[in-house]
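The block underneath contains the structure these notes are about, expressed in structure tokens.
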Amino acid sequence: MLPSRRNVVRTAAWTVPVVAAAVGAPAFAASCGTTSYTWRLDWGNETTDDAFSTAYPSAPTTNAQGVRAGTATITGPAGTTPMTVSFTSTSVGTDTRTNNNLRVDAGTYPSIGGTGGTGLLLQHQNITSGRANSRQEVVIAFGRPVTNLQFSVTDIDSNDQQGNNNDFYDQVELTGTRSYTFTSRGGGNTYVIGAGTQNDPWHMYNDDTVANDSGANSDRGNVNLTYPGPVSSITLTYWTSRGSGNQAIFLSDFTFTAMGC
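Counting in full-length UniProt numbering, the sequence shown runs from 1 upward without gaps.
Here is the structure:
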């Protein structure tokens with residue numbers, strides 16, 4: 001629930017290259033196509049101790065078919081070719097994506113999910129319950145294949161308050177082979193549960209737990225993901241199982257390994 005739905009695991013980025021050339025090849029023989037780096041998509045460019053910076057448009061574009069898209073461009077160390085990560089959103093059914101959908105607003109959301117940084121907002125209003133009735137699908141595509149992809153989806157939560165646009169129950173799915181962790185609520189239980197699939201989406205363990213009720217930097221609604229890869233694209237699906245209000249989640253910074261060009 002806004003304005004402080006947030007969560008993510010931040011992984012330190014470094015710029016020391018890993019040479020993937022044949023054993024015994026001299027270091028100077030490596031080129032950007034044989035050297036891999038750990039890249040960071042940093043929504044707010046809060047990390048200043050590495051050689052990576054991210055540019056993302058202030059507003060996504062929307063075509064005549066209603067497909068909304070934004071592309072993050074990551075500039076790396078000298079000698080590398082910028083890396084792109086595109087986010088393409090399609091609305092299925094009757095939900096309305098807000099004007100802030102696929103935007104980054106560090107002023108309003110400086111620390112999503114207690115990560116210490118801002119994130120990419122996915123937001124619906126005038127929601128309709130049920131996956132078949134309405135959902136948002138976001139294709140996340142990488143300009144080059146990546147491995148060891150890590151990021152978090154934050155603010156997966158619920159509210160059974162009727163009226164005032166507050167009634168929702170977030171449901172989130174992600175394709176691909178990945179591992180994930182949740183925030184513990186004690187006794188071997190977690191706040192978010194599920195497998196992140198169509199048949200068992202990630203959701204809050206009950207229907208009335210707002211992630212930020214425990215504080216503005218709460219990580220209760222976080223799913224922290226690792227994709228071993230290689231990954232070229234994944235698809236996130238977001239919907240509500242109940243309610244008619246507003247709902248929102250965030251995507252944290254991304255880190256991943258990819259070639260320099």
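Glycine included, each C-beta is placed from N, C-alpha and C at the ideal position.
Give the DSSP-derived three-state secondary structure of residue i in the structure shown.
| i | result |
| --- | --- |
| Ala-211 | helix |
| Ile-112 | helix |
| Thr-118 | coil |
| Gln-65 | coil |
| residue 265 | In the structure as shown, the chain begins at 1 and stops at 261. Residue 265 is therefore absent and cannot be evaluated. |
| Asn-224 | strand |
| Ala-22 | Low per-residue confidence applies at Ala-22: pLDDT is 32, beneath 50, and the placement is therefore not dependable, though the value from the model is reported in the following sentence. In this structure, Ala-22 counts as coil in the three-state DSSP scheme. |
| Thr-255 | strand |
| Thr-128 | coil |
| Thr-98 | coil |
| Ser-232 | strand |
| Ala-59 | coil |
| Ala-248 | strand |
| Cys-261 | coil |
To the nearest angstrom, how far is it from the Cα of residue i to the Cα of residue j?
| i | j | result |
| --- | --- | --- |
| Gln-161 | Asp-167 | 5 angstroms |
| Val-139 | Gly-186 | 34 angstroms |
| Ile-112 | Thr-118 | 5 angstroms |
| Asn-100 | Asp-208 | 25 angstroms |
| Leu-121 | Arg-103 | 6 angstroms |
| Pro-60 | Leu-174 | 22 angstroms |
| Thr-34 | Pro-230 | 16 angstroms |
| Ala-258 | Ser-86 | 15 angstroms |
| Tyr-227 | Pro-145 | 12 angstroms |
| Thr-197 | Val-172 | 8 angstroms |
| Asp-49 | Trp-43 | 15 angstroms |
| Glu-137 | Cys-32 | 33 angstroms |
| Thr-147 | Tyr-37 | 10 angstroms |
| Met-204 | Pro-82 | 37 angstroms |
| Val-23 | Thr-154 | Caution applies to Val-23, whose pLDDT of 34 falls short of 50 and renders its modelled position unreliable; the value that the coordinates give is listed next. For Val-23 and Thr-154, the distance between alpha carbons rounds to 42 angstroms. |
| Thr-94 | Tyr-238 | 13 angstroms |
| Ala-69 | Gly-143 | 15 angstroms |
| Ala-141 | Ser-232 | 6 angstroms |
| Arg-40 | Asn-63 | 29 angstroms |
| Asp-170 | Ser-58 | 26 angstroms |
| Ile-234 | Ser-89 | 12 angstroms |
| Arg-242 | Phe-256 | 35 angstroms |
| Ser-158 | Val-210 | 5 angstroms |
| Gly-245 | Thr-98 | 12 angstroms |
Which partner residues of residue i appear in the DSSP bridge assignment?
| i | result |
| --- | --- |
| Thr-240 | Asp-170 |
| Trp-39 | Phe-256 |
With 7 angstroms as the threshold, decide whether the Cβ of residue i is near any Cβ in chain B.
| i | result |
| --- | --- |
| Thr-88 | Here there is only one protein chain, and chain B is not present. |
Practice task
For the segment 134 to 208, list the beta strand (DSSP E) runs that are entirely contained and at least 3 residues long, ordered along the chain.
Solution key: Under the rule that a run must span 3 or more residues, the beta strand (DSSP E) segments found entirely inside the segment 134 to 208 read 134 to 154, 168 to 174, 179 to 182 and 184 to 186.
Handout entry: Segment contact, 8 angstroms Cβ cut-off, at least three pairs: the segment 70 to 89 with the segment 51 to 61
Key = In short, these stretches touch, since the Cβ pair count reaches three.
Practice task
Would you list, in sequence order, the uninterrupted beta strand (DSSP E) runs of no fewer than 3 residues that lie entirely inside the segment 66 to 94?
Solution key: Segments of the beta strand (DSSP E) lying fully in the segment 66 to 94: 68 to 75 and 83 to 93.
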